[in-house]
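For any residue, its number in the numbering used here is found by taking its place in the sequence shown, counting from 1, and adding 64.
What follows is one structure encoded as structure tokens, with my remarks underneath.
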Amino acid sequence: MTFKDDLLTDAKNVFLAGDNELDESVTYTPSGESARSINVILNKDALQPGKEGKSLALINQAEMYIANDATEGVTSINRTADRVAITDRDGTAQTARVVRIIGSNAGMWHVLIE
65 MTFKDDLLTD AKNVFLAGDN ELDESVTYTP SGESARSINV ILNKDALQPG KEGKSLALIN
125 QAEMYIANDA TEGVTSINRT ADRVAITDRD GTAQTARVVR IIGSNAGMWH VLIE
């Protein structure tokens with residue numbers, strides 16, 4: 065097994081194992097596709113005022129890690145068109161969009177959502 069293979073295996077089996085220790089289940093809707101439930105690492109502590117819109121309303125942002133896998137994550141991301149249903153720090157259901165791909169490798173995507 066190569067280092068590249070190990071990245072994906074570790075991402076799925078350690079960080080996104082579905083045991084709710086590090087991950088949580090969200091509903092991810094890729095652009096033009098059906099919604100599906102996947103496990104992600106969602107950094108809710110990152111939710112903070114990110115920028116001011118034209119109406120001066122603050123927009124919250126968070127960082128999310130997704131497996132780079134067709135079955136247990138996603139293999140491509142359409143910035144601004146993909147949607148994710150999350151529960152915020154207050155327990156309120158929210159729909160966010162991917163606004164930036166911070167990084168990616170063979171194991172995981174690291175994205176900014178708001």
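Quick reminder that beta carbons are idealized off the backbone N, C-alpha and C, glycines included.
Note to self: Looking at the strands, I want to know which residues DSSP matches up with residue 88.
What the structure shows: For the purposes of this step, residue 88 is identified with residue 24 of the sequence shown, where counting begins at 1. Residue 88 pairs with 104.
Next item on the list: Check whether the Cβ atoms of residue 102 and residue 92 lie closer than 8 angstroms to each other.
Entry: Indexing the sequence shown from 1 puts residue 102 at position 38. Indexing the sequence shown from 1 puts residue 92 at position 28. The answer is yes: Cβ separation under 8 angstroms.
Check: To which residues of the same chain is residue 132 closer than 8 angstroms at the C-beta, ignoring the five residues directly before and after it?
Finding: By one-based count along the sequence shown, residue 132 stands at place 68. Here the set comprises 72, 75, 138, 139, 168, 169, 170, 171, 172 and 173.
Margin query: Is the beta carbon of residue 149 closer than 8 angstroms to that of residue 157?
Written below: Locating residue 157 in the sequence shown gives position 93, counting from the first residue. Locating residue 149 in the sequence shown gives position 85, counting from the first residue. It is a contact, given that the beta carbons lie within the stated cut-off.
Notebook entry, point to check: Based on Cα-Cα distance, which residue from 135, 97 and 155 lies nearest to residue 147?
Noted result: Numbered from its first residue, the sequence shown carries residue 147 at position 83. Looking at the Cα atoms, 97 is the closest of the given residues.
Notebook entry, point to check: Excluding five sequence neighbours on each side, which residues of the same chain lie with their C-beta closer than 8 angstroms to the C-beta of residue 177?
Noted result: One-based indexing of the sequence shown puts residue 177 at position 113. For residue 177, where only same-chain residues beyond five positions count, the Cβ hits under 8 angstroms are 125, 126, 127, 128, 148, 150, 160, 161, 162 and 163.
Checklist line | Bridge partner(s) assigned by DSSP for residue 147 | finding: For the purposes of this step, residue 147 is taken as the residue at position 83 of the sequence shown. DSSP, once it has assigned bridges, lists 93 and 161 as partnering residue 147.
Notebook entry, point to check: Tell me which same chain residues have a C-beta within less than 8 angstroms of the C-beta of residue 166, skipping the five on either side of it?
Noted result: Position 102 of the sequence shown, counted from the start, is the residue given in the question as residue 166. Around residue 166: 127, 174, 175 and 176.
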